[in-house]
Structures are given as structure tokens and as C-alpha cells.
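First residue of the sequence shown? That's 423 in my numbering, and the numbers climb one at a time after it. Each residue gets a CB set at the ideal place from its N, CA and C atoms; glycine is no exception. The structure appears right after this line, and notes come after that.
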Amino acid sequence: MQTTYKTAAHADRQSRAMNDAPIRFDTKIALLLREDLEPWQRLNVTAFLVSGLGTAVPEVIGEPYEDADGVPYLPMFRQPVLVFEGSKETLKAAHGRALTRALPRAVFTADLFSTGNDRDNRAAVRAVPTAELDVVGLAVYGPRNGVDKVLKGSRMHP
Numbered sequence: 423m424q425t426t427y428k429t430a431a432h433a434d435r436q437s438r439a440m441n442d443a444p445i446r447f448d449t450k451i452a453l454l455l456r457e458d459l460e461p462w463q464r465l466n467v468t469a470f471l472v473s474g475l476g477t478a479v480p481e482v483i484g485e486p487y488e489d490a491d492g493v494p495y496l497p498m499f500r501q502p503v504l505v506f507e508g509s510k511e512t513l514k515a516a517h518g519r520a521l522t523r524a525l526p527r528a529v530f531t532a533d534l535f536s537t538g539n540d541r542d543n544r545a546a547v548r549a550v551p552t553a554e555l556d557v558v559g560l561a562v563y564g565p566r567n568g569v570d571k572v573l574k575g576s577r578m579h580p
């Protein structure tokens, strides 16, 4: 299997897949954001949540990128990240279902908007019992049907 991706000669360059066969993943990466977040908060929560999945579940990371001039770029997720939104209640229920299913997950609570570093972020989460976490964002990874069940009641982010 080819592990590096090179573009064709300049005259032949096209935006196309290396192989025409569709890729279907058995797994899903999904984010659930609380619907009342400000745009900057949605972006911040998204960035923090996906960083957790990539470190804990290395198989979600693809191969490094390289442009036609040979300039290397960092690898990214090997599959799409689906973004959903829901109410505070939807997030609370999804968090509970993710825990019950023991899926890899990352959590972002409202308290993290008032901290400025990883140490304080972890302390803020650790200070609150699981049932009382004010979850504003949740990332989950796992089998497609399991992730779908966790996200029940949410809708695709507009």
C-alpha cells in the first residue's frame, strides 16, 4: 500500500483521489456542541476537543501531507469529523451515553472558558462530580452505530 502521496506531473495535476473506490469508515469521529455557544466559543471548543482524540486514539490520524514541491505538513485525521449541536439537556444525555458505552471521548465544560492553561483546565474538570459537569462540548470516537446512539437527539451543526 502506498504511504506517501505525490502529485502527478504539472500538466496532469487534477484534484482527484488516489483510488476511485469510495472509502467507507466503520468508525465515526463526532463533536457535539451546545447550541447556545458564541461563534468564537464553538471554534475554541472544537479545537480543544479534537486535539484530545488524536492523542488518545492514534489510529484516527492519517499520514503526513506533502505538497508538489515536497514541503511536508503534519498529518490530520484520516476520516471526516462530523459536527453536531444540541441543547444543554442533549449534551448531558449524550455525555452519559458516551460513558455507558465506554467510547473514547473528550469533554469541554463551561468552566474552561475562564481558565488559561492545561493545568487549570484539568483542575476545573476534576473539581466537579461527573453528574454535575456543565458540558458545552463532547467529542466521541467509535463504531458508527455506537456514536450515532450517543448523539441521539442532536442535529448537524449548520
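Original post:
Are the CB atoms of A528 and D556 nearer to each other than 7 Å?
Top reply: no
Original post:
Where do the N-terminal and C-terminal ends of the alpha helix (DSSP H) with K574 fall, by residue?
Top reply: First-last for K574: undefined, no H or E at that position.
**OP:** Look up V558 in the DSSP assignment and say whether it is helix, strand or coil.
**Re:** strand
Original post:
What first and last residue would you give for the alpha helix (DSSP H) that runs through G476?
Top reply: 461-478
**OP:** Could you pull out every residue in the same chain whose Cβ sits closer than 7 Å to the Cβ of H579, ignoring the five residues on either side in sequence?
**Re:** L455, V505, F506, E507
**OP:** Would you check if the distance between the CB atom of E485 and the CB atom of P494 is smaller than 7 Å?
**Re:** no
Subject >> For M423, three-class secondary structure by DSSP >> reply: At M423, the pLDDT of 41 sits below 50, so the modelled position is not reliable and the matter cannot be decided from this model.
Subject >> Status (buried if at least 16 other CB within 10 Å, exposed otherwise) for L513 >> reply: buried
Original post:
By the 10 Å Cβ neighbour count, where 16 or more other Cβ atoms means buried, how is D434 classified, buried or exposed?
Top reply: Here the model assigns D434 a pLDDT of 43, short of 50, so the residue's position is not dependable, and the following value carries that caveat. Answer is exposed; the Cβ neighbour count stays below 16.
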